[in-house]
Structures are given as C-alpha cells and as structure tokens.
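If you're matching positions, the sequence shown starts at 858 in the working numbering and goes up one per residue. Each residue gets a CB set at the ideal place from its N, CA and C atoms; glycine is no exception. Remember, it's a predicted structure, so these values are computed and weren't measured experimentally. Down below is the structure, laid out as structure tokens.
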Amino acid sequence: MGNSQIYQLQPVSVWKNFADLNAVPRPSKKEDRVIDFMKQFGENLGLETFVDHVGNVIIKKPATIGMHDRKAVILQSHLDMVHQKNNDTTFNFDEQGIQMQIAGDWVKAQGTTLGADNGLGVATIMALLESKNIPHPAIEALFTIDEETGMTGAMGLKGGILNGDILLNLDTEEDDEIGVGCAGGIDITATRTYKEEPVEAGKTGFEIVVNGLQGGHSGMEIHKGLGNANKIINRLFTDGFENYGIRISSINGGGLRNAIPRESVACINIDSVHKDAFLEDMNELAETIKDEYKSIDPDLKFTFTEAEAYKTVIDLGVQEGFIRAMQTAWNGVFRMSPDIADLVETSNNVARVSVGNGKIEVLCLTRSSVESTRIDLANTIRSAFELIGCDVEFSGEYPGWKPNMDSAILKVLVEKYKKLNNAEPHVAACHAGLECGILGQNYPDVDMISFGPTIKGAHSPDERVSISSVQKFWIFIQEILKDIPVRV
C-alpha cells in the first residue's frame, strides 16, 4: 500500500491534509517550501494569512455562527520534521516526499521518519480551517518553524501578533495524555583540533560498525534505557585501547541532537600481531553488550571488518583523553522529579560524535524541567570535555513550561475526555521540549494545554501513528472547540 491509500482513511479531511503535507520536503531550517505551501493553503481558503519575520505562518478564521462570544483559540503545531532514515534506505529528504504505508492500525513510512510529529497536528488544524460545518470560536492557526533543531520559530514570534486567550498545542504523543508542562533544554557542543599522526608499519585496520538500535526521541524515550550507539562504541574503544593499544582514525556516530543515536562507524588500527586476539575479545565484549540490551534493543549488531591500515590516527594523548571523556559524559536520565511521579526531571543525550581530519566534535542535548539542575548537568558534561582541552559552547537554550493545575482549559479537556471515553485522562508534564514555555514568554496570559494522537518511535525510522487514535483525537478536538468558555 502506498500514499494513495492514506487518502481513504478516516477522518478523510485530516489524512488528506497529512498526505498533502508529507509530499512537501520540510527539514528543520529548510522550511521555505512548506511555508509557501501553508501560505497558499490559507490564501486559497480566503482567510487572513501572513508569514512573520522568522517564517512562522499565521492563518486566522472567524468564529462560526453563535460562537462569537467565546474566547479566541490559538491552534499551534510546528511545520518541520526530524529527518532520519535506515542505513540501507536510499532517500533524499531535501527533494522527496515521505513514502507512507499502512500496517494494521498504524501508518508508517518506508525506511524513514514519518513526520507525524508534528504533521498530524498541522493536518488537523488544516482540516479545521477548511471545515464548513464544525462549530468553533475565532481561530488563530500558528504554524511554527524549526521546532526540532532550536525552536527558533517560537522564540522569534513577537508579542501582539496573536490575540487568542487559549492555546491548544497539538504536539503530545499519547492520546490519553493531557500535557500541562515540559522540560527546557540547552545544546552542548564540544570541539577541539588535534594533530594527525602517520601510521607505523605492521598495522592492520578494522572498520567497526554498531547499528540495529531502535533510537528514538531523546526526551520522551530517554527513560527507557535505549542503547546509545556513541556510548556503546566507546566501550569497545576503552577495552581495545587498554588491552591492545588501538589507534582511532575516524568516528562517525549519531545525527540530530534530539534523536537517540542508532548507528556509529569507526575506523581503527591495531598491531597486526594482535589482530586475532583483538577480534576474539571484541566479539566477546559485543556479545556481552548485546545480552545487556536484548530485551530493549534486540536487533543491536556489531560488525568488525578487516581493512588495510588507515594512514593517519589521532594524536595518542588526545585519543586517550577523548575516550575517557566519552566514558565520563553522562547519557540518559540524570534525575527523576521528586514532585511529579514517573517524570524525568533532567537528562542528557550524547547525540553526535564526529572525529577525523584533525577535528573532534561532540554534540549533546541536555533537558530539564528545573533550571538549576539543567545547569548542573550541563556543567558536568562541560567539565568532562574541557579537561581534555575541548572548547565547549552552550547554545540554543529554551525554557521549560511550568504546570498550571488550575488552568481553566485543562478542566474543559479533562471533563470532555471523561465524557467521551468513560476514563480518566493522564494529566502530566513531559520531558520533551514543547513550544509552550517559549510562547508563554511573550504571551504570559494565554492559557495553554497540549494533546495529540498516539505516535510511537518519533525521531526514528520506526515512527508510526495509530489510525484509530487519530479518529479519537479528531472527535476530541471538535468537542473541545464546541465548549470553549465564554469571554468575560
């Protein structure tokens, strides 16, 4: 089944818009085409449509008959998507639309991320904007850019552009969850140069590949203990250096900061006389690590391919420091919240490692709902890399969103959910970075809430969205809009 079958799914208005959206390449920081797509969409409906100075698209729709006395609602989702693909998938995200398929109750992509995060939110807002028979108050649709790699769209949105009283963020990924708070984040980048050393005679090269890991969202799934390819391959370096004196020529591991790294490739040299013992020990260590992860990452693979000796390697002292720093760099949950049950308070993702051509670069994303703990962990990671002579930069900082349990719109959503589903929703803060905290800086009086359909495996090629959940979500948002409070 291909994209044509997506247009037949219910609710048709949502899936049609999602399929149309997914035909438009929309990588973070390269949103020109999707901005034009959304601008044309609004203008074709005859609605007030404009693009602000950073690229956010705003489309305004008047209230339907009988709803003019209700509070105005801002419907918000982000236009960009995470671009990740399987190693054996040939795909050009800058030029191709996402190829989708149906598998039971799920829609997923063919070897790539799907873009349900946050394309389903965008498509839902589009369906509401073009609807002719759904009651709703005045709507301001806010489509932000660059949520996934810096939240610069939300950061750049000026105060006074929007007049809404309530903001519905459609970027939560469990359909029984109502989001009332989120973590803030900070990017950490460690870099240094090194002298490449020529290789002596009597060496054998090996390409080491760690792959087959699930990967996933470095906020929402950090608590699962999923394998991090950058940390796993460094265990091989630690053992191989101490026991066999391996010399690293290059490393290419991971990708985006907000994705748990699934793959890492390294090129190393070893004394030829030790290669058989080295291989035996590496395979034994690999089996040990696979056993550690067998219940959570059962497809983890290690490949050791013999090659000609690589011509240059990292300076010996720098290499030793680098391996130690990578072993020290915190990855995963740092602290659970003492106040909210089962909420990750603070974490770090060692997301990207690049070594070669005389340069080391390590990219991390540290998240926390508590500012002081986020700074503490960021300084911990900075210290590990500064001790080996790296320059460490903090950037891309964004605030968290403090929960408001007295929110009026929260009460509306809880009551609507209970009535529709005969069950209590899960009201919670999340460890992902949502735009609500940033938007609240310039719109402090807006009552904000977050919800959405069930999406699994976001930020990985296993990303998928539940068809039945989208149906549930579509009914839910219509019922919410019908019951928006009257403006006082």
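The C-alpha of Lys1060 is placed about 28 Å away from the C-alpha of Val1219. Excluding sequence positions up to five before and after Leu1019, its CB lies within less than 6 Å of the CB of Ile931, Glu997, all in the same chain and listed in chain order.
Contact between the region 1024-1036 and the region 1325-1336 is present, with at least three C-beta pairs closer than 8 Å.
A Cβ-Cβ distance of about 6 Å is found for the pair His940 and Thr970, placing them in contact under the 8 Å criterion.
Ser885 and Thr1006 have their alpha carbons spaced roughly 6 Å apart. Phe875 has its alpha-carbon roughly 16 Å from the corresponding atom of Lys1329.
Between the beta-carbon of Asn913 and that of Ile1002 there is about 6 Å, and that keeps the pair under the 8 Å contact cut. Judged by their CB atoms, Arg1181 and Ser1204 are not nearer to each other than the 8 Å cut-off.
For Gly968 against Asn943, the beta-carbon gap comes to about 5 Å, under 8 Å, which counts as contact.
Per the coordinates, the alpha-carbon of Leu1244 lies some 20 Å from the alpha-carbon of Glu1053. Sorting Leu977, Val1284, Gly899, Gly923 by C-alpha distance to the C-alpha of Glu1320 places Leu977 at the top.
Around the CB of Asn1279, fewer than 16 other CB atoms lie within 10 Å, so the residue is classed as exposed.
If only uninterrupted beta strand (DSSP E) runs of at least 3 residues are considered, those enclosed by the region 1066-1152 are 1104-1111, 1121-1128. The C-alpha of Phe907 is placed about 33 Å away from the C-alpha of Pro1318. No Cβ-Cβ contact shorter than 8 Å links Ala1315 with Asp1033. Looking at the DSSP output, Ser1204 shares a beta bridge with Val1190, Arg1224. In the three-state scheme derived from DSSP, where H, G and I count as helix and E and B as strand, Asp1044 is classed as strand. Burial check for Asn990: the Cβ neighbour count within 10 Å stays below 16, so the residue is exposed. A distance below 7 Å between beta-carbons, with the five flanking residues on each side excluded, links Lys873 to the following residues of its chain, in chain order: Tyr864.
Only residues of its own chain outside the window of five on either side were considered, and among them Met983 have a CB closer than 7 Å to the CB of Phe898, listed in chain order. Cα atoms of Leu1142 and Asn1188: separation of roughly 20 Å, rounded to the nearest angstrom.
Less than 8 Å separates the beta-carbon of Ile1341 from that of Lys928. Residue pairing by DSSP leaves Thr1009 without any beta bridge partner.
Contact annotation, Val1212 with Ile1090: C-beta distance approximately 11 Å; criterion of less than 8 Å not satisfied. Contact between Gly1215 and Tyr1051 holds: CB atoms are separated by about 6 Å, below the 8 Å threshold. Here the region 1034-1041 does not lie against the region 1232-1249, with fewer than 3 beta-carbon pairs under 8 Å apart. By the beta-carbon neighbour count (other beta carbons within 10 angstroms, threshold 16), Met1012 is buried. Taking the Cβ atoms as the reference, Asp909 lies roughly 18 Å from Leu986, outside the contact range of under 8 Å. In this structure the region 950-964 does not touch the region 1285-1299; the number of beta carbon pairs closer than 8 Å is below three.
Comparing C-alpha distances from Leu1270 to each of Glu1292, Pro1282, Ala1198, Lys1259 shows the shortest one belongs to Pro1282. Each of Glu1144, Cys1221, His1131 was checked against the Cα of Leu1113, and the nearest Cα belongs to Cys1221.
Ser1325 counts as exposed, since fewer than 16 other beta carbons sit within 10 angstroms of its beta carbon. Boundaries for Arg890: no beta strand (DSSP E) harbours it, while the alpha helix (DSSP H) harbouring it runs 889-901, taken from the DSSP string. Assignment of Phe948 by DSSP, reduced to helix, strand and coil, places it in the coil class.
Pairing Thr1169 with Glu1064 gives a Cβ-Cβ distance that is not under 8 Å.
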